[in-house]
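J.:
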Amino acid sequence: MPATSGTVLVTGGFGLVGSATVRRLAELGRTVVVADLDTPANRAAAERLPAGVTVRWADLTNAEQTSRLVGEVAPAVIIHLAAIIPPAIYKNRALARRVNVDATATLVKIAEAQPHPPRFVQASSNAVYGARNPHKATGPVTADTPMKHSDLYSALKAEAESIVRASSLEWIVLRLGGVLSVDPKAIPFNADALYFESLLPTDNRVHSVDVRDVAWAFAAATTADAAREILLIAGDESHMLTYADITPALAATRGIKGGLVPGRKGNPDDDDAWFVTDWMDTTRAQEVLQFQHYSWQDMLAEASRNAGPSKYVLPLLSPLIRAALKRRGAYWKQPGQYADPWGAIKRRLGDPAPDA
Ligand SMILES: NC(=O)c1ccc[n+]([C@@H]2O[C@H](COP(=O)([O-])OP(=O)(O)OC[C@H]3O[C@@H](n4cnc5c(N)ncnc54)[C@H](O)[C@@H]3O)[C@@H](O)[C@H]2O)c1
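In this note's numbering, each number is its position in the sequence shown, counted from 1, plus 1137.
(1) Along the chain, which unbroken stretches of the alpha helix (DSSP H) at least 4 residues long are found entirely within the segment 1340-1381?
(2) For aspartate 1488 and lysine 1228, what's the separation of their Cα atoms in angstroms?
(3) Assign valine 1494 to buried or exposed, taking buried as 16 or more other Cβ atoms, counted over all protein chains shown, within 10 Å of its Cβ.
(4) Along the chain, where does the alpha helix (DSSP H) that runs through isoleucine 1482 open and close?
(5) Who are phenylalanine 1257's beta bridge partners in DSSP?
(6) Applying the criterion that 16 or more other CB atoms from any shown protein chain within 10 Å of the CB defines a buried residue, is leucine 1232 buried or exposed?
(7) Relative to the C-alpha of lysine 1273, which candidate in Ile1221, Asn1341 and Trp1479 has its C-alpha closest?
(8) Counting along the chain, where does the alpha helix (DSSP H) carrying leucine 1437 start and finish?
(9) Taking the continuous beta strand (DSSP E) assigned at valine 1110, which residues delimit it?
(10) In terms of alpha-carbon separation, which member of Ala1388, Pro1405, Arg1302 and Asp1373 lies closest to glutamate 1366?
(11) Please find out if some non-hydrogen atom of ligand 3 comes closer than 6 Å to the beta-carbon of serine 1262.
(12) With hydrogens ignored, establish whether the beta-carbon of threonine 1241 is closer than 6 Å to any heavy atom of ligand 1.
(13) State the CB to CB distance for the pair proline 1255 and proline 1212, rounded to an integer number of angstroms; the pair is presumed to be in contact (CB under 8 Å).
(14) Determine the extent of the alpha helix (DSSP H) in which aspartate 1173 is found, giving its start and end residues.
(15) Only counting the same chain, and skipping five residues up and downstream in sequence, which positions put a Cβ closer than 6 Å to that of tryptophan 1194?
(16) Since valine 1398 is in the alpha helix (DSSP H), which residue starts that stretch and which ends it?
(17) Once the 5 residues before and after methionine 1284 are set aside, which same chain residues still bring their CB inside 6 Å of it?
(18) With a threshold of 6 Å (Cβ to nearest heavy atom), would aspartate 1435 be considered close to ligand 1?
(19) Could you name the residues of the same chain whose beta carbon sits closer than 8 Å to that of alanine 1361, not counting the 5 residues immediately before and after it, in chain order?
(20) Taking 6 Å as the cut-off, is the beta-carbon of isoleucine 1370 closer than that to any non-hydrogen atom of ligand 1?
(21) Taking only the alpha-carbon atoms, compute the straight-line gap between lysine 1463 and tryptophan 1416 and give it to the nearest angstrom.
(22) How should proline 1338 be labelled, buried or exposed, when 16 other C-beta atoms within 10 angstroms of its C-beta is the threshold for buried?
(23) Starting from threonine 1419 and walking both ways along the alpha helix (DSSP H), at which residues does that stretch end?
(24) Looking only at its own chain, which residues have a Cβ that is under 7 Å from the Cβ of threonine 1379, when we skip the five neighbours before and after it?
(25) Just to confirm, are leucine 1313 and isoleucine 1370 a CB contact at a threshold of 7 Å?
(26) Quick one: what does DSSP say serine 1262 is sitting in, helix, strand or coil?
(27) Isoleucine 1324: buried (16+ other C-beta within 10 angstroms of its C-beta) or exposed?
(28) Determine the burial state of phenylalanine 1333: buried for a count of at least 16 other Cβ atoms within 10 Å of its Cβ, exposed for fewer.
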C-alpha cells in the first residue's frame, strides 16, 4: 500500500471529476499536483484551488512534456482522468484517440520507467460494456462482464484500460457510472449537451453517482488495499435509474416542469441501438472504498436548494422553453418509433463508430 504522504498527480484535474477529486485530496491533507491543459478557463480555475495544491500545465499528448512532468513531480500515485468524453468525442475523433489511448500509453510507459514507479489509478467507464439493451440484460454488470466495443468512446476507454492493466505498475481501474453534480455550473449545458440528452433512449439504464462520491473513491483508491483490481463506481440503489428519470428530475430542480425535449424509447429488438450505460454491481467497490454517501433523493433536494432565483422564474417560462427546444430534439420529424442513438449522433455530432 503506498504511503499517504507521497504526492498525488491528478491528470485532467480541472475537469468535472478532477476538480472534486483534488478538493477531496486537499481535505485529506495530501500533497496534490494538478496536470491539465493551459487554457483560459483552467487558468481561472487555478486561482480557486485549495491551499497546498499546485498546478503543472501540460499537454499529455506531448511525450516530452509528460516525461518532464512525471520526472519532476515524482508522484507516489497518478490519478489519470484526462480524456475526451461524449458528446465532444464524436466531433474530435483523431484527438480523442491521441488523448484517451496514445497519451495513456505514454504516461504508463514513463511511469514504469521511474526509479519508484507510482501507483496508477485509471478512470475508466461503464461504457466498456458497450450498448446495453435492458430487455436482454440480466443483473447489473460486474467486473467480469465482457467488454464490447459499440462506439468510439467505449472502444477507446477499453483500449486505455487494457494498456493500464497490462502494465507492470500497481494499478487500480475505476469504472465510473454517470457522474452528476448538484452544482448547476459544474456540468456543461449547451446546444450539443441538450441534443445529446435528447437522443438517449428514455428507458436506457444509467447508474448515476454524485461527483463527490466519485472523488471520495479516487482519493481512497490511492491507498486502498486493492491493487490490480477493477472497481465499479456508482451510487447506491437509489441511483439505478433510466434517462427518463434523470433529465426531467434535474430540470425540475431548476423549476422547469415536465422535462425539456420529448425523447424516444429504445428498440427492444435491436441490441446495438442503445447507449453505453447500465446498472453496475458496486458491492466490492463499496467494501474497499466506502465511498457512497449521497442518494439520488439527497442530490435532487440539494440541487433544488442550489438552483437560485431562476427556479421561481422558469416555471412561468416552461411552456415557452419546451416549445423552443422541441425542434432541437434529436428525433424532431424523424421517421420511426424508437430511439436511434448512433444515427442521431452521426447526423449532428460526427461518426460514432469505433476506429476500423
Ligand atoms: N463524467 C462522466 O460521467 C464519466 C463517466 C465515466 C467515466 N468518466 C471518465 O472520468 C474521467 C474524467 O471525466 P470528466 O467528466 O471529469 O471529464 P472532463 O471533460 O470534465 O475533464 C477532462 C479533463 O481532461 C483534460 N484534458 C483533455 N485533454 C488533455 C490533454 N491532452 N492533456 C491534459 N489534460 C487534458 C481537460 O482539460 C479536462 O480538464 C475521464 O477519463 C472519463 O472518461 C467520466
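Glycine included, C-beta positions come from ideal geometry on N, C-alpha and C.
T.: Checking against the coordinates, here is how it stands:
(1) 1348-1358
(2) 8 Å
(3) Residue 1494 lies beyond the residue range present for the chain, which begins at 1138 and ends at 1493; the question has no answer from this structure.
(4) 1478-1485
(5) Ile1215 and Trp1308
(6) exposed
(7) Asn1341
(8) 1433-1443
(9) With the chain running from 1138 to 1493 in the structure shown, residue 1110 is simply not present.
(10) Arg1302
(11) Among the ligands in the structure shown, ligand 3 does not appear; only ligand 1 can be found there.
(12) no
(13) 5 Å
(14) Premise fails: aspartate 1173 lies in the beta strand (DSSP E), 1169-1173, not in any alpha helix (DSSP H).
(15) Asp1175
(16) Element bounds for valine 1398: n/a, residue is neither H nor E.
(17) Val1265 and Ala1295
(18) no
(19) Met1138, Ile1309, Val1425 and Leu1426
(20) no
(21) 29 Å
(22) buried
(23) Careful: threonine 1419 lies outside any alpha helix (DSSP H) and carries neither H nor E.
(24) Thr1339, Asp1340, Asn1341, Arg1342 and Val1343
(25) yes
(26) strand
(27) exposed
(28) buried
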